[in-house]
Each structure stands twice: as C-alpha cells, then as structure tokens.
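Position 86 of the sequence shown, counted from 1, bears residue number 79 in our numbering, the numbering being contiguous throughout.
Beta carbons: idealized from backbone N, C-alpha and C, even for Gly.
Everything below concerns the one structure shown next.
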Amino acid sequence: MAWIQILIVVVVAVALLFLLASVKIIREYERGVAFRLGRLRPVLDPGVRLILPGLEKMVRVDLRIVTLTIPPQEVITKDNVPARVNAVVLFKVVDPTRSVMAVENHAVATSQMAQTTLRSVVGRADLDTLLAHRADLNEDLARTIDAQTEPWGVHVKVVEIKDVEIPEAMQRAMAREAEAERERRAKIINARGELQASKELRQAADVLSGNPASLQLRYLQTLLELGADQNSTVVFPLPMDIIGPFLDRMPRRDEKAADTVPTGTNHNGPKKPSTQQESEQHEAGAGPEHDLTPFPEIQLERPDNV
C-alpha cells in the first residue's frame, strides 16, 4: 500500500507542475499567438490562458509603440555633399498574427528597412532641403517605410531625422555664405532707411521754408539740445537766413564807396609820382614806412545824389 500512496503523490505533483506550466498570463498591452501541434490558433486576448506544454507554443506580441534608433548613415545628397544622418522611428504592431507569420523578427526587419529608406530618400534631396525642410523629408520617410512594413502588420507612426553632420569645410563655407547674405540684407535695409529719411527731410524742409519763424525756432531748439549735453566744445550753426539781409546790403555799400572815389585817382593803375623826389623814392623801392613825403591833398567832391 505504501508504494501506491507514493505513486499517487508523484502523479499529483506532476499534474500540479504540468498545470502550473500551462498557465500563462497575458497582459493588457500584449496579445498571444499560439500554435497547437504547429497549427495556428486564434489570437489569445489578455487574461489567464492555458497552454499545454509540448503540445502548444505561444508567442507574445507587444502592441505598445516601439522606439527604434537608426544608427548614423553615410549618405551623399543630391548636390554631392557627404553627410552623416541618423533618425528615430516610432512604430507599433497592429496585426499580431501577421507580425509573427509574415516576418521572422519584425523589429529587426523594420530597422533594416528604415536604414535603407533613409539613405534613399536623403540621397534624392539636396543639402538645403535636408537642413531647412526636414518636415517634408520626415513625412516622406514615414510614408515610404510604412508602405513596406504594412504587409508585416507593423504601422510606422513617426520618423524624425535627429541630426545631420556635414564636413567642417562645408560648415565654414555655409557660415561665410550666411554672413554675406546678412551683410547684403543689412545694406539693403540701410539704403531703404536712407531713402525714407531723405523723403521725410525733404518734406520737413518744405514745411520749414514756408515760415521763417519756424526755422528760427528750430535753430533755438538745436542750441538747447547742444547745451544739454555738457560738452566742452559747443558749435553754433549759423543759418544763411540770418546773415542773408547783411549780404544783401553789401553791394549797396560798394556802390556808395565807388561814388565817393576822388577825381584825381587813376583807376587804371597806381598813381604816378608827381615830383622828382617821389619818383626817386618809387624807384628805390621805399615802402610806406620809409616814405617821408607828406601825403598829397585830396579834394573830395560831394556827389549830387547824397
């Protein structure tokens, strides 16, 4: 009887071990693809499931979004510029059965397909497009990779180009190009500002020229601004409108002086010496300081118009 009890205990222990080995817990974000004697069974939903050891086999499939980093790829752009490009791919499994039946390892297959597609798409674009229009390239990459992974039950959601490395010589050339472009824009903006300022100054001059009093007020305001800076040297600008009346009177004074010229004066040249002594002094080169002869008397005639 003892050996029967021992046999029963052994059978019960084996049954318990077999039962424990058969119990599988599938999480909410997982699905189970089971095979019974090599035949595909329906997809197992989350919960407790019994999988007979030796008779059935289950493959767990994760339905969460997977982040896949593409290693740097050596590419040559459309304008023959070498670059190193790396990217990140976000994908998820939408059909567990096809992800197991259609491909051996959908993650590795998706990674390899993303690398080849990245080299192909970047090679069709030039460097400016690669740097300035990444959004379009990302959409093109996601659409192309998703079209290739769709038969595997894998949906590619996002593809983002992380970094673009270009040679140092190309970086210096791009920096010089950007500097020249900014200088060109600065010169154009400066020229436009000068043009607008000249137009405004012309309008201001037209307004000030209409009323002389406004010009005087502007002059006084300028003097006030100069005095407020506490400078050691003060420059006083003198407008022509202030000295204009004095300049207009100068020709009149010249005319009056011409009318009062003595009759004995020779207008064609210096007055000739009248006496022999004066002629000798003139030939000897005596200056005004050595001239000892008295000045000749000059009679002035009163003009009639005075």
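* Report yes if the CB atom of A329 is closer than 9 Å to the CB atom of V149, and no otherwise. => Nothing in the structure corresponds to residue 329, since the chain is present only between -6 and 299.
* For S15 versus P46, is the C-beta spacing smaller than 9 Å? -> Yes; because the gap between Cβ atoms is below 9 Å, this pair is in contact.
* Asked: With S61 and V93 assumed to form a contact (beta carbons below 8 Å), what rounded beta-carbon distance in angstroms separates them?
  -> Note that residue 61 is Leu in the sequence shown, not Ser. The Cβ separation is near 18 Å, so there is no contact.
* Along the chain, where does the alpha helix (DSSP H) that runs through H99 open and close? -> Its alpha helix (DSSP H) spans residues 99 to 116.
* Asked: CA-CA distance, I(-3) and E49?
  -> Cα-Cα distance, rounded: 32 Å.
* **DSSP three-state assignment for E132, whether helix, strand or coil** => DSSP places E132 in the helix class (H, G or I) of the three-state scheme.
* From R57 to D129, what does the alpha carbon distance come to, in whole angstroms? -> R57 and D129: Cα-Cα distance of roughly 26 Å.
* Asked: Between which two residues does the beta strand (DSSP E) harbouring T60 extend?
  -> For T60, the enclosing beta strand (DSSP E) has its first and last residue at 59 to 69.
* Could you please give me the residues that DSSP links to K85 through a beta bridge? => Looking at the DSSP assignment, K85 forms a beta bridge with H148.
* Between the segment 141 to 159 and the segment 68 to 86, do three or more beta carbon pairs fall short of 8 Å? -> Per the Cβ contact rule, the segment 141 to 159 is in contact with the segment 68 to 86 (3 or more Cβ pairs under 8 Å).
* Collapsed DSSP secondary structure at E49 in the structure displayed -> When secondary structure is reduced to three states using DSSP, E49 falls in the strand class.
* Could you give the residue range of the beta strand (DSSP E) that holds E23? -> First-last of the beta strand (DSSP E) with E23: 23 to 29.
* To do: Enumerate in chain order the residues of its own chain whose CB-to-CB distance from V114 is below 8 Å, with the five nearest sequence positions on each side excluded.
  => Here the set comprises L130, D133, L134, T137.
* Rounded C-alpha distance that separates L37 from D88 -> In a straight line, the C-alpha of L37 is about 13 Å away from that of D88.
* Asked: If you check the beta carbons only, do L120 and D72 fall under 9 Å apart?
  -> By the CB criterion at 9 Å, L120 and D72 fall inside the cutoff.
* Asked: Exposed or buried, G116, counting other C-beta atoms within 10 Å across all chains shown (16 or more means buried)?
  -> Burial call: exposed.
* May I ask which residues mark the beginning and end of the beta strand (DSSP E) holding G203? => Element bounds for G203: n/a, residue is neither H nor E.
* Excluding the five sequence neighbours on either side, which residues of its own chain have a C-beta within less than 7 Å of the C-beta of L124, listed in chain order? -> Excluding positions up to five away in sequence, the list reads V157.
* Report all residues from its chain with a CB closer than 7 Å to the CB of W145; omit the five preceding and five following residues, and keep chain order. => Excluding sequence neighbours, W145 sits near R91, S92, A95, V96, H99, A102.
* **Cβ neighbours of S267 in the same chain (closer than 6 Å, five flanking residues each side left out)** => Since pLDDT at S267 reaches only 47, below the 50 mark, its modelled position is unreliable, and the value read off the structure follows with that caveat. The beta carbon of S267 sits closer than 6 Å to no other beta carbon from its chain once the five residues preceding and following it are set aside.
* **R20, DSSP secondary structure in three states** => The answer is coil: DSSP assigns R20 none of H, G, I, E or B.
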